[in-house]
Amino acid sequence: MIYIFCAPSGSGKSTMVNHLLTKHPNLFELSVSCTTRPPRGKEVHGREYYFISIDEFQQRIQNDDFIEYEQVYEGLYYGTLKDEIARIEAAGKQVLFDVDVKGGINLKRILGDRAVSIFICPPSIDELRRRLEGRGDTSPEMIEKRLAKASTEMEDMKYFDRVVVNDDLHHAFEQLDAIIEVYS
Ligand code: ADP
Ligand code: 5GP
């Protein structure tokens, strides 16, 4: 099974994905996307993302290397490489995708019954702001852009197979574990 995780930025999607990777290191692996944004904090090329230039990104579009790609924020491109599913499945693991909401809906449409799409929902927009500010790695300007996008993304929750409300963290982990139990 392939798991597609989507959420407005700051909702706790990375926290959920990391929970699964830590709990089941031999079962899951995260697909590494390409992005044209610069690395943040301790991010490493090839681990969190393949950090590439806009020219290389366009070249990869021409080469038809992506299953899907999006201009997630103005001027910033993110794309899922076709090779990632094959690479991870060849290692005997199940693929986790961490993509934006539009990308997740597209991936689910392409992958069909091979995938389950999971929307991580924040308890409120105010709490989302607090979490983004608390994370301390995103500029105030980017926080505003991400919050503006969040309201529209919440409207697309209905297209997902499962929704996890990330209010109390422990409870959210339990909801996620129950989903994995059913699908894996
Ligand atoms: P995303 O990957 O969706 O952008 P993160 O997983 O980075 O979000 O979470 C954003 C911030 O909120 C992080 O600092 C994280 O530690 C914190 N966080 C995540 N889940 C919760 C929760 N249930 N309660 C409080 N803080 C949380
Ligand atoms: P961040 O810059 O915070 O790492 O990611 C911003 C957004 O881009 C997140 O919602 C993340 O899930 C999304 N994203 C990361 N990789 C991809 C991808 O390959 N395709 C799409 N559509 N979105 C992605």
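Quick note, the numbering used here runs 681 ahead of the 1-based positions in the sequence shown.
Note that CB positions come from ideal geometry on N, CA and C, so glycine has one too.
Every value quoted in this text rests on a predicted model; they were computed, and no experiment measured them.
Asked                                                                                             : Found
CB of C687 within 9 Å of CB of S865, strictly                                                     : no
Sheet register partners of A796 (DSSP bridge)                                                     : I683
Identity of the residue in I748, T716, G693 nearest S734 by Cα                                    : T716
Start and end residues, alpha helix (DSSP H) containing V698                                      : 694–704
Sufficient close CB pairs (3 or more, under 8 Å) joining the region 794–809 to the region 843–856 : yes
Closer than 8 Å: R869 CB and nearest ligand 1 heavy atom                                          : Missing from the structure shown is residue 869; the chain here goes from 682 to 865 and no further.
Buried/exposed call for L701, threshold 16 Cβ in 10 Å                                             : buried
R790 Cβ short of 8 Å to ligand 2 heavy atom set                                                   : no
Cα-Cα separation between P803 and A772, rounded to whole angstroms                                : 33 Å
G693 to L850 span [Cα, whole Å]                                                                   : 9 Å
Residue interval of the beta strand (DSSP E) (run including R843)                                 : 843–846
Any non-hydrogen atom of ligand 2 closer than 8 Å to D781 Cβ                                      : yes
Continuous alpha helix (DSSP H) stretch holding Y864: start and end                               : 850–864
Every unbroken beta strand (DSSP E) inside the region 741–818 [3 residues or more]                : 747–754, 757–762, 775–779, 796–802
Buried or exposed (CB count within 10 angstroms, at least 16 for buried), T833                    : exposed
Proximity test, E825 beta-carbon vs ligand 2 heavy atom, cut-off 8 Å                              : no
Distance between beta carbons of I683 and L792, contact taken as under 8 Å                        : 6 Å
Residue span of the alpha helix (DSSP H) that contains T716, given as start and end               : Not the alpha helix (DSSP H): T716 falls in the beta strand (DSSP E), residues 714–716.
Test item: CB-CB of L762 and E710 under 9 Å                                                       : no
Cβ pair I742, Y754 closer than 9 Å                                                                : no
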